[in-house]
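Residue numbers (UniProt numbering), protein chains in the order written: chain Y, 1 to 214; chain F, 1 to 214.
What follows is a set of notes on a single structure, which appears directly below.
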DNA sequence: TGTAATGTTTACCAATCGGTCAAATTATCC
DNA sequence: GGATAATTTGACCGATTGGTAAACATTACA
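Below, the structure written as structure tokens:
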């Protein structure tokens, strides 16, 4: 008699690990496009290639699936910002932060859209994480940037809005991908557009922040 | 015997105009948060304060409501870009474009989120408009920017990515409003954040584009 | 190899979905 | 004020929703 849902067992079976992975992959496909309410369990089950009750054996509710996804994405999403180094020099730190964020938009567009969907809906599932861990991290890095400005290494500017502008410009290439492709046309819709974007954005921010006085 | 749905009649009644306005207002509330599939007619009806069949008397389907909304938003959304003047001087044109877009994010956040939702879902209802009218308009303005660069009035840069970066940075304050508020904290979440953003963004772009050589 | 735990599926449920219909109500105009 | 057109609603429909129950199949392990 199968007592528990997968989560309750102490050790996780090989099958559990595999299937949960398959499910989250499918859920990411669906949630990232249609948002929480617009997605259906049946749809996720179909993408995952298993029956709906089987899905619900691993994740008891639709919310549980979404929760598991969000938790995973939230963590990895902030890695580039965590890597932002106070001891590095401003130019290379900002350049590599932009590059890293742009790579994430290119390589993990579904994760970006999942997050964007959550924000658009008012962050009903993650508002605590925004006010807590996220704010703390941003506060910390904002202080670094402010110190750079004070030391004359970069122009004086609001560090929070600087971070917002890097977030938005880079994520734009994942979240608004359709629009970007439509506007650029077929000829510039290849992967090369990320290189173009990187070049443009690095120049914009480096010059915009008055770095590279040489 | 009421012959037709409202749309079929030649002249639109006073009641029709009023009610359609009320409905679209409610639909904007709902669609902008939950996207097309995540929104329900019942929910819109409740917000609009009328019965579901009554809604469907004015708009035959959920799609018709969404369509009417999208059409309206698409038009007004591009006004700032249309106002972008080739004969103006680069600095003031870019400054006022940023300001206008930022004002729209502040004054019409629901419209911005409706559009963002549509993009996230792959623009299933507006892809034609993106490839057609939108692309044409952007192409035209990109040519203006390119001419400025060629004339040495601004630094050489990819005009398309420049436009993308202005779109994304400004719309961010509408679409990711929850996140912005959470990170800034209560003390900076007032309307003043738009002034701060405007100051920061204008400086970023003006310096980033090498304008203001004086 | 047997058996207990784990994994899967079929059939199903109540609630909600988008939408219809006909009857009732209200506005318009002579 | 009455006829006619426009508006509104309650009752309802089949399809889909998130989720459950229990039988069935498979795996792991002694």
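Glycine is no exception: its CB is placed at the ideal position from the N, C-alpha and C atoms.
These numbers were taken from a predicted model, which means no experiment stands behind them.
Would the C-beta of residue i count as close to the ligand GTP, meaning under 7 Å from any of its heavy atoms?
{"i": "residue 88 (chain Y)", "result": "In the structure on display, the ligand GTP does not appear, and there are no ligands present to speak of."}
Can you have a look at residue i and say buried or exposed, based on whether 16 or more other CB atoms are within 10 angstroms of its CB?
{"i": "residue 51 (chain F)", "result": "exposed"}
{"i": "residue 61 (chain F)", "result": "exposed"}
{"i": "residue 170 (chain F)", "result": "buried"}
{"i": "residue 106 (chain Y)", "result": "buried"}
{"i": "residue 175 (chain Y)", "result": "buried"}
{"i": "residue 15 (chain Y)", "result": "exposed"}
{"i": "residue 80 (chain Y)", "result": "buried"}
{"i": "residue 111 (chain F)", "result": "buried"}
{"i": "residue 156 (chain F)", "result": "exposed"}
Does the CB of residue i have a neighbour CB from chain Y at under 8 Å?
{"i": "residue 65 (chain F)", "result": "no"}
{"i": "residue 61 (chain F)", "result": "no"}
{"i": "residue 183 (chain F)", "result": "yes"}
{"i": "residue 127 (chain F)", "result": "yes"}
{"i": "residue 113 (chain F)", "result": "yes"}
{"i": "residue 122 (chain F)", "result": "yes"}
Given this structure, state the Cα-to-Cα distance separating residue i from residue j, to the nearest angstrom.
{"i": "residue 194 (chain F)", "j": "residue 141 (chain Y)", "result": "22 Å"}
{"i": "residue 206 (chain Y)", "j": "residue 121 (chain Y)", "result": "33 Å"}
{"i": "residue 98 (chain F)", "j": "residue 84 (chain F)", "result": "10 Å"}
{"i": "residue 151 (chain F)", "j": "residue 167 (chain Y)", "result": "32 Å"}
{"i": "residue 53 (chain F)", "j": "residue 181 (chain Y)", "result": "40 Å"}
{"i": "residue 119 (chain F)", "j": "residue 19 (chain Y)", "result": "31 Å"}
{"i": "residue 133 (chain F)", "j": "residue 28 (chain F)", "result": "23 Å"}
{"i": "residue 149 (chain F)", "j": "residue 93 (chain F)", "result": "14 Å"}
{"i": "residue 158 (chain F)", "j": "residue 146 (chain F)", "result": "8 Å"}
{"i": "residue 104 (chain Y)", "j": "residue 196 (chain Y)", "result": "15 Å"}
{"i": "residue 101 (chain F)", "j": "residue 183 (chain F)", "result": "22 Å"}
{"i": "residue 192 (chain F)", "j": "residue 71 (chain F)", "result": "31 Å"}
{"i": "residue 115 (chain F)", "j": "residue 76 (chain F)", "result": "12 Å"}
{"i": "residue 82 (chain F)", "j": "residue 177 (chain F)", "result": "26 Å"}
{"i": "residue 108 (chain Y)", "j": "residue 73 (chain F)", "result": "29 Å"}
{"i": "residue 33 (chain F)", "j": "residue 17 (chain F)", "result": "25 Å"}
{"i": "residue 113 (chain F)", "j": "residue 173 (chain F)", "result": "10 Å"}
Could you spell out the range, first to last residue, of the alpha helix (DSSP H) harbouring residue i?
{"i": "residue 108 (chain Y)", "result": "No alpha helix (DSSP H) contains residue 108 (chain Y), which DSSP labels as neither H nor E."}
{"i": "residue 124 (chain F)", "result": "Taken as a continuous stretch (DSSP letters only), residue 124 (chain F) belongs to no alpha helix (DSSP H), as it is neither H nor E."}
{"i": "residue 88 (chain Y)", "result": "Taken as a continuous stretch (DSSP letters only), residue 88 (chain Y) belongs to no alpha helix (DSSP H), as it is neither H nor E."}
{"i": "residue 208 (chain Y)", "result": "192-208"}
Determine, for residue i, whether the minimum Cβ-Cβ distance to residues of chain F falls below 8 Å.
{"i": "residue 34 (chain Y)", "result": "yes"}
{"i": "residue 130 (chain Y)", "result": "yes"}
{"i": "residue 217 (chain Y)", "result": "Outside the modelled stretch of chain Y, which goes from 1 to 214, sits residue 217 (chain Y), for which no answer is possible."}
{"i": "residue 42 (chain Y)", "result": "no"}
{"i": "residue 104 (chain Y)", "result": "no"}
> Taking any Cβ of chain Y, which residues in the segment 169-182 of chain F have a Cβ under 7 Å from it, in chain order?
Replying inline: 169, 172, 175, 176, 178, 179, 180, 182
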